[in-house]
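Undergrad: Numbering (my numbering), first residue to last: 4 to 254.
We treat Cβ as the ideally placed atom computed from N, Cα and C, and that holds for glycine.
Note that the structure is predicted; figures quoted are calculated from it, not measured.
One structure follows; several queries about it will come next.
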Ligand code: PEP
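Structure (structure tokens):
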């Protein structure tokens, strides 16, 4: 199973800056990588960047709508993304759940819409500091996953990658320790085994996200159930992002 390193650029970079960053990342990737490398630039640049990303770099949308086409001003559908050759979409990021009212139901609808359009999904889950401190973090993550994956078949899980992103570690510089990450990733894999089956759970990549950077990527990726990372801040500097890709290559 290949590791994945995905960069979430959020709402950063003007077009010329984004193109420059993409080109720097692209030129730093070898043709023989065994890690899948994905960038998620702001939506207005997706089409142009996909056309120029080349073979080794894949492009993801940071979200998609839960609906099909129609009178939904400002939304864009997963079928539209697929028609632009965008193959990946991030769904359920905590910033969308917290800032844009994305409920567990909306996350599930978006996931179904994306899979129906043939996209691969990076499904985010993760607890707040308050939930972790109350000791309910495993229940919280289980609840998010069971909602998002409700009714999904084992075969459809081929299109799903899970990203565990503790909210208290996102953009805070406070990384989960490799033990905390492994503990939650192992919990998620066991849950996937019970919900689907062992083969499906073993084949599912589980990424860690939250202040992952060159200095801690190696230790995080060395954990048996950590199959790469979803990277925010450190994906905005080509050298840092490439160093994280290099760490994923070692494991
Ligand atoms: C993210 O928002 O997905 C993320 C992991 O951010 P950061 O790496 O900046 O914590």
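To which residues of the same chain is residue 109 closer than 7 angstroms at the C-beta, ignoring the five residues directly before and after it?
TA: Answer for residue 109: 69, listed in chain order.
Undergrad: Less than 7 angstroms separating the Cβ of residue 130 from some heavy atom of the ligand PEP?
TA: No - the ligand PEP has no heavy atom lying nearer than 7 angstroms to the Cβ of residue 130.
Undergrad: Output needed for residue 62: all residues of its chain with C-beta closer than 8 angstroms, excluding positions within five of it in sequence on either side, in chain order.
TA: Closer than 8 angstroms at the Cβ level, and outside the excluded window around residue 62, lie 41, 42, 43, 44, 49, 52, 53, 56, 89, 90 and 91.
Undergrad: What does DSSP give as the partner residues of residue 128 in its beta bridges?
TA: According to DSSP, which records beta bridges pairwise, residue 128 is partnered with 167.
Undergrad: Our contact map puts residue 135 next to residue 171 with C-beta atoms below 8 angstroms; I'd like the distance itself, whole angstroms only.
TA: Between residue 171 and residue 135 the Cβ distance is about 6 angstroms, and since that is below 8 angstroms, they are a contact.
Undergrad: Are the beta-carbon atoms belonging to residue 235 and residue 169 less than 8 angstroms from one another?
TA: No; because the gap between Cβ atoms is not below 8 angstroms, this pair is not in contact.
Undergrad: Look up residue 91 in the DSSP assignment and give the residues it is bridged to.
TA: According to DSSP, which records beta bridges pairwise, residue 91 is partnered with 63 and 123.
Undergrad: Using only the heavy atoms of the ligand NAP, determine whether one of them is closer than 7 angstroms to the beta carbon of residue 95.
TA: Among the ligands modelled here, namely the ligand PEP, the ligand NAP does not occur.
Undergrad: Counting only runs of 3+ residues fully inside the stretch 212–236, write out the beta strand (DSSP E) ranges in chain order.
TA: 231–234, all fully within the stretch 212–236.
Undergrad: I'd like to confirm the pairing. Which residues does DSSP put opposite residue 10 in its beta bridges?
TA: Looking at the DSSP assignment, residue 10 forms a beta bridge with 42 and 234.
Undergrad: Return the first residue and the last residue of the alpha helix (DSSP H) that residue 52 is part of.
TA: 49–55 is the extent of the alpha helix (DSSP H) around residue 52.
Undergrad: Return yes when at least one heavy atom of the ligand PEP lies under 7 angstroms from the C-beta of residue 212, else no.
TA: True, at least one ligand heavy atom lies under 7 angstroms from that Cβ.
Undergrad: Out of 59, 140, 156 and 102, state which residue places its alpha-carbon closest to the alpha-carbon of residue 130.
TA: The shortest Cα separation from residue 130 among 59, 140, 156 and 102 belongs to 140.
Undergrad: Return the Cβ separation of residue 5 and residue 58 in integer angstroms, given the expectation that the two are a contact with Cβ distance under 8 angstroms.
TA: About 14 angstroms separates the two Cβ atoms, so there is no contact after all.
Undergrad: So, is residue 21 buried or exposed, given that buried needs 16 or more other C-beta atoms within 10 angstroms?
TA: So residue 21 ends up on the buried side.
Undergrad: Comparing the CB of residue 172 with every heavy atom of the ligand PEP, is any distance shorter than 7 angstroms?
TA: The answer is yes for residue 172.
Undergrad: Within 8 angstroms, do at least three Cβ pairs link the stretch 28–36 to the stretch 92–107?
TA: As far as the Cβ criterion goes, the stretch 92–107 does not touch the stretch 28–36, which means the pair count is below three.
Undergrad: Exposed or buried, what is residue 197 when buried is set at 16 or more other beta-carbons lying within 10 Å of its beta-carbon?
TA: Exposed is the call here.
Undergrad: Below 7 angstroms, is the gap between the Cβ of residue 215 and the nearest heavy atom of the ligand PEP?
TA: Because some heavy atom of the ligand PEP lies under 7 angstroms away, the Cβ of residue 215 counts as near it: yes.
Undergrad: Ordered along the chain, which non-local residues of its own chain (more than five positions away) have a Cβ less than 8 angstroms from that of residue 256?
TA: A question about residue 256 goes unanswered here, because the residues of the chain that appear run from 4 up to 254.
Undergrad: Is residue 168 close to the ligand PEP? I mean its beta-carbon at under 7 angstroms from any heavy atom of the ligand.
TA: The answer is yes for residue 168.
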